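Taken in sequence, the protein lines are chains H and E.
Numbering that gives the first Met the number 0 puts the first residue of the first sequence at 0, with every later residue one more than the last.
Numbering that gives the first Met the number 0 puts the first residue of the second sequence at 0, with every later residue one more than the last.
All C-beta atoms in this analysis are idealised placements derived from N, C-alpha and C, irrespective of residue type, glycine included.
Note that this is a predicted model, so its numbers are computed, not measured.
Structure first, then comments.
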Amino acid sequence: MDLSIDSGHHGGWRVISVGGEIDLYTAPALREALIAEVEAGAERLAVDLRQVGFMDSMGLGVLIGTRRRLNERDAAFALICQEGAVRRVLDVSGMTKVFDVVDRLEELPPAETE
Amino acid sequence: MSEVASPGVLALELAPDPGLLAAARLFAAASARLAGCGEEVVEDVRLAVSEACTRAMRRADRPSEDRIRVETRSEGDVLTVAVVGPSGQPVGDPGDDPAIDLVTALFPGASESVDHGVVVLRFSAPRS
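Okay, structure coming up:
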């Protein structure tokens with residue numbers, strides 16, 4: 000089962016929208032896509048997981064690695080995720096305390112104006 | 000709730016191919032539903048089986064020979080799930096494996112045993 004990965008912008012954020020299931024098979028593709036965004040210099044990166052039907056610890060590892068890379072240059076990282084299987088994984092693993100998680104795009108913190 | 004069909008053992012055997020993880024999850028979810036587990040438990044079983052199979056696949060060092068078996072057994076009030084795989088190569092630090100952490104967080108009685116080159120990860124889920 001392949002992953003769909005699309006990109007866009009919303010309110011100063013670079014938004015990567017993911018669809019499908021994230022596991023050992025598909026996580027590398029997500030990792031590559033997010034690394035590319037980090038290396039392209041994203042200052043505010045959000046991953047939209049609302050169309051992801053399943054995610055396990057392999058997906059968590061990709062998100063944790065992305066957050067670490069962005070932290071190294073004080074860039075913002077957020078997840079868009081509603082109640083369901085993915086939110087369950089974040090809750091059980093304690094990652095809702097680590098990541099900034101919002102229910103909707105509109106809830107992403109606005110970019111600070113200079 | 001109506002009585003569930005006669006209890007029994009269901010099993011799926013697969014090669015250590017990550018592309019087959021989705022099939023393992025479908026099997027796990029179907030088994031849990033057949034056993035009468037509630038939907039929240041079904042999702043937890045699906046996640047735990049994915050974690051266990053992932054762990055087994057990462058250990059496998061003979062992809063053409065190694066096999067991973069997912070077995071579900073309905074007995075009384077519980078569905079017992081066992082994921083059996085090769086002991087193969089170690090995966091990272093044994094004390095720091097997010098897969099095991101997630102399985103035990105979902106099913107606190109989960110256990111892993113090693114015997115004669117085979118690793119068995121076992122947990123039990125409540126049937127409604």
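With contacts defined by Cβ atoms closer than 8 Å, E/Ala34 and E/Leu78 form a contacting pair. Apart from sequence neighbours up to five positions away, the residues of its chain that approach E/Ser112 with a beta-carbon distance below 7 Å are Val119, ordered along the chain. Taking 4 residues as the minimum length, the alpha helix (DSSP H) runs contained wholly in the segment 38 to 102 of chain E are 38 to 58, in order along the chain. Across the segment 30 to 43 of chain E, CB contacts with chain H closer than 7 Å involve Glu42, in sequence order along the chain. Under the rule that a run must span 3 or more residues, the beta strand (DSSP E) segments found entirely inside the segment 60 to 84 of chain H read 75 to 79. Annotation for H/Val97: no beta strand (DSSP E) segment contains it, and DSSP assigns it neither H nor E.
DSSP places E/Ser110 in the uninterrupted beta strand (DSSP E) bounded by 110 to 114. Within 8 Å of the CB of E/Ala81, no CB atom of chain H is found; the nearest one sits about 18 Å away. About 14 Å separates the beta carbon of E/Arg24 from that of E/Arg54, a gap too long to meet the 8 Å contact definition. About 11 Å separates the beta carbons of E/Ala28 and E/Val80, which is beyond the 8 Å limit, so they are not a contact pair. Contact between H/Ile21 and H/Ile4 does not hold, since the beta-carbon distance rounds to 10 Å and is not under 8 Å. In the DSSP assignment, E/Ala31 falls within the alpha helix (DSSP H) that extends over 20 to 33. Here H/Val17 is actually not in contact with H/Asp55; their C-beta atoms are around 14 Å apart, not less than 8 Å. Segment contact: the segment 52 to 69 of chain E against the segment 10 to 26 of chain E, three or more CB-CB distances shorter than 8 Å; contact assigned.
In this chain, the beta strand (DSSP E) harbouring E/Glu12 covers 8 to 13.
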